[in-house]
Structure formats: C-alpha cells, structure tokens
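Novice:
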Amino acid sequence: MAPRRARVWCRLAAVALALAPPALRAAEGGSESEADARWITDAERAALCDGAAHPYPPHSRRPVRWVHVPKTGTSFMNTVWHYACSLPPTASASDFSAMYEKHFAQRFPPAEHCARLMLDHSPATHKPIGDGEWAAHAGAFVTMLRAPSTRLVSAFKHGRHCIQDCSPEMRNAPPCTAVRDARRLNKCRALRRATGLREYAEQPAALGCAARMLVGRACNEPLALRANESRAAAARLGSVGFGFVGLVEEWNLSVCLFHRLLGGTPRPQEFSAVRVNKQTTIIFRRHPDLARALRDPADELLYAVATRRFRRQVRAVLAKFAR
C-alpha cells in the first residue's frame, strides 16, 4: 500500500473507531459502558413494536428507493415491497428458493403493482446511488447496514462475492451502459483468486462497499475510496436524503422503526430471514480475534453514523409514546 493511501486509511480507521458502536470499540480493546450497553430496555423494544398499545401511523404514501448493500439482508425486500406495492398479504421472499427479488419482480411486475417503488431501484441488483437521482429524490432512499466485519465474512463465504453493479448516470471506467454490465466482471479477478478470508478482506475491492455505493460507485470496484468520498457517503447517510436507515443486528427493531417512520403495519414475514448463513456466526465464535483483524475503515465510519442515527430515531419515537 502506498504511503499516502496508508495514511488516509489510518486516519479513517481512527475516526471510525472513535465513532464506532460499543461492540466494535470493545473488539478493539476499548470498554463498553454499562449505560451504552443498555441504550434500550426490553420493555422499550416491545413498546416500539406494539401496534396495539401504540398504533402505527397511516401509510405515508411516500416513494422509496432501496439501496441494497450486498449481504445486508435480502429479507428486507419483504418490508420494501409490501410498503411500496399492492401485493397479496402473504406474499413473501420465502415463496422462492433463490434469486428472490428477481422472481418477485417477475410475479409482481413493478410497473403494474408498485406505484411507490422507484424503478431506479432496478430489482434484483445492487445499484449504487447516482448523483442525479440523489438530487431528484431526496428523502426516498432506504437501506439496511451491517457490521462491516460480519458483512465481509458473509461476502467471502458467498463465493468470494464481487458485485460490479453500476449507475449508468455516473462516469465509470469502463462505461456503465446497464446496471448489471457483464463487461465489468473482469474487475473481479483479484477477489475471486483470494485463497482465504484474510486475503479476500485485504483486497481494496473488498473494502468500503457500502460507502462506495452511497457515492455512486460499484460495491467492489478495485480502486480504494478516497477520504473525501468516505466523508461524503457518511454525510449522505446522516442526512434527510435517507428516509430510513436500519441495522441488520437490530432486525426486528429496524422493521418496526421503518413503519413508525413511513407508516403502515408490519407483516409477519418481515421479521423472518430467507437466506440465513450460520457459518458467519460459527466463524466468529471459533475465531474471536477475527473482528479485530478484519478492518474496513470507510464502512466502519458509515456503520457508526448509521448506529447513532438509528438509536436517535428509536428514542424519538419512544419519547412520543411517553407524552
């Protein structure tokens, strides 16, 4: 790694660790305060999701554009599609065994069923946010984020994941003529050749996936993120441009918060997972030092921003219940 790039990543790592959620700080040798460990009680968790005691607001009718960061929960499509589309009440991603959203879109064509699902979403892809759509559709973006170290493990275990989905409106090399452009797959060689998890996670293309997508770049583009791009991604995530930001590690609470913010009542299938990879949990249990070793500074910074935003919005909803 070039000296200048190394200095940039060190600065990002320091910022990310300072802002990181408690679990990440603890993994780095820091201490998790008792107060922060109990940022929400079990009773408060139950209250946020209790539609009988605290009815969910009416459906807001606002359009949404799902920014689907790879390995952050395909199951979130149940929430997005039931919110944005007119579907049978029991329709679920679990109706299919693979390529869930692609099959969903074939069964329920968005142009016919989904008045509030922005077609820029490009179903069954991981399309990054183009600058033009960001400017035109502020407030419509929704996403789930995952702790970067576990996302990296999941990506490696899923065939050394390499996503080159791009935004045609951005200046890409080679040019992006379609969101899923086969010409870009030659950029995956280094990731595909990785012989182990550590080698995979050390590739510049493996790091900063979520941050890249928020500034219009493909998840696994080989070029490392610049520091200004990382800051721009964090600024976008923390802004009103996103109507909702959830956390995979707080799945049920995230589903409930989505509906507290955008309205409508959650359906049972929104709380279930359709693609569960237990190997990630097993790996971390067998190798507890892995969270310390797998570092993704740009996405750690982004995850810290997401965590602060998420907790702030949960507390704001609970405060309304107390009035």
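Read left to right, the sequence shown gives residues -26 to -1, 1 to 297 (mature numbering (1 follows the signal peptide of the UniProt record, and there is no 0)).
Note that beta-carbon positions come from the ideal geometry of N, C-alpha and C, so glycine has one too.
All values reported here derive from a predicted model rather than from experimental measurement.
1) Out of Leu268, Leu221 and Gly217, which has the shortest C-alpha to C-alpha gap to Arg35?
2) How many Å lie between Ser228 and Leu235 at the Cα?
3) At the level of alpha carbons, what is the spacing between residue 300 and Val219?
4) My understanding is that Gly190 touches Gly104, with C-beta atoms under 8 Å, so please give their C-beta distance in whole angstroms.
5) Does the pairing of the stretch 130 to 142 with the stretch 188 to 206 give three or more beta-carbon distances under 8 Å?
6) How would you label Leu159, buried or exposed, when you count the other beta carbons within 10 angstroms and need 16 or more for buried?
7) How long is the line joining the alpha carbons of Gly133 and Arg285, rounded to whole angstroms?
8) From this set, Leu119, Pro29, Ala20 and Leu181, which residue's C-alpha is nearest Phe50's C-alpha?
9) Does the stretch 199 to 213 come close enough to the stretch 182 to 189 that 3 or more CB-CB pairs lie under 8 Å?
10) Return the CA-CA distance between Thr117 and Arg297, expressed in angstroms with no decimal places.
11) So what does DSSP say about Phe295, is it helix, strand or coil?
12) Please report the residue range of the alpha helix (DSSP H) in which Thr124 lies.
13) Out of Ile14, Ala21, Glu176 and Ala247, which one is the CA nearest neighbour of Phe70?
14) Hey, Trp55 and Leu91: beta-carbon distance below 8 Å or not?
15) If the criterion is Cβ atoms closer than 8 Å, does the pair Val38 and Ala67 meet it?
16) Where does the unbroken alpha helix (DSSP H) through Thr117 begin, and where does it stop?
17) Could you work out which residue in Glu224, Pro102 and Leu231 is closest to Gly47 when comparing CA atoms only?
18) DSSP three-state label for Phe216, please.
19) With DSSP as the reference, please indicate the residues paired to Arg39 in a beta bridge.
20) Thinking C-alpha only, which one of Pro97, Thr64 and Ala89 is nearest Gln80?
21) Whole-angstrom Cβ separation of His100 and Val43, contact assumed at under 8 Å?
22) Taking the alpha carbon of Pro32 as the point to measure from, which residue in Glu244, Gly237 and Thr53 has its own alpha carbon closest?
23) Identify, in the order they occur along the chain, each residue of the same chain with its Cβ nearer than 7 Å to the Cβ of Ala168, setting aside the five sequence neighbours on each side.
24) Nearest-angstrom Cα distance between Pro271 and Glu203?
25) Output the distance between the C-alpha atoms of Arg289 and Pro240, rounded to the nearest integer angstrom.
26) Since Leu181 sits in a beta bridge, which residues does DSSP pair it with?
27) Only counting the same chain, and skipping five residues up and downstream in sequence, which positions put a Cβ closer than 7 Å to that of Ala280?
28) Suppose you measure from the CA of Lys294 to the CA of Glu244; what does that come to, to the nearest Å?
29) If you count every other CB in all the chains shown that lies within 10 Å of the CB of Asn146, and 16 or more means buried, which is it?
30) Are there 16 or more other CB atoms within 10 angstroms of the CB of Glu274, so buried, or fewer, so exposed?
Specialist: In short, the structure shows the following:
1) Measuring from the Cα of Arg35, the nearest candidate turns out to be Gly217.
2) Taking C-alpha positions only, Ser228 is separated from Leu235 by approximately 10 Å.
3) In the structure as shown, the chain starts at -26 and stops at 297, and residue 300 therefore has no counterpart that could be examined.
4) The beta-carbon separation of Gly190 and Gly104, rounded to 5 Å, stays under the 8 Å limit for a contact.
5) Touching, per the Cβ criterion.
6) With fewer than 16 other beta carbons inside 10 angstroms of its own, Leu159 counts as exposed.
7) C-alpha separation (whole angstroms): 33 Å.
8) That would be Leu119, whose Cα lies nearest to the Cα of Phe50.
9) They touch, by the three-pair rule.
10) Between Thr117 and Arg297, the alpha-carbon positions lie close to 29 Å from each other.
11) DSSP places Phe295 in the helix class (H, G or I) of the three-state scheme.
12) Taken as a continuous stretch (DSSP letters only), the alpha helix (DSSP H) holding Thr124 covers Pro122 to Lys131.
13) Each of Ile14, Ala21, Glu176 and Ala247 was checked against the Cα of Phe70, and the nearest Cα belongs to Ala247.
14) A contact, by the Cβ cut-off of 8 Å.
15) No, these two residues do not count as a Cβ contact at 8 Å.
16) Thr117 -> not in any alpha helix (DSSP H); beta strand (DSSP E) instead, spanning Phe115 to Leu119.
17) Minimum Cα-Cα distance from Gly47 among the listed residues Glu224, Pro102 and Leu231 corresponds to Glu224.
18) Reduced to three states, the DSSP call for Phe216 is strand.
19) Per DSSP, the beta bridge partners of Arg39 are Phe115.
20) When only C-alpha atoms are compared, the closest one is Pro97.
21) Right, the Cβ-Cβ distance comes to about 7 Å (below 8 Å), so this counts as a contact.
22) The candidate whose alpha carbon is nearest that of Pro32 is Gly237.
23) Arg134, Tyr174 and Gln177.
24) Looking at the two C-alpha atoms, the distance is approximately 12 Å.
25) A direct Cα-Cα distance of roughly 19 Å separates Arg289 from Pro240.
26) DSSP lists no beta-bridge partner residue for Leu181.
27) Closer than 7 Å at the Cβ level, and outside the excluded window around Ala280, lie Leu119, Leu211, Val219 and Leu221.
28) Approximately 24 Å between the Cα atoms of the pair.
29) So Asn146 counts as buried.
30) A residue is called buried when at least 16 other Cβ atoms come within 10 angstroms of its Cβ; Glu274 meets this threshold and is buried.
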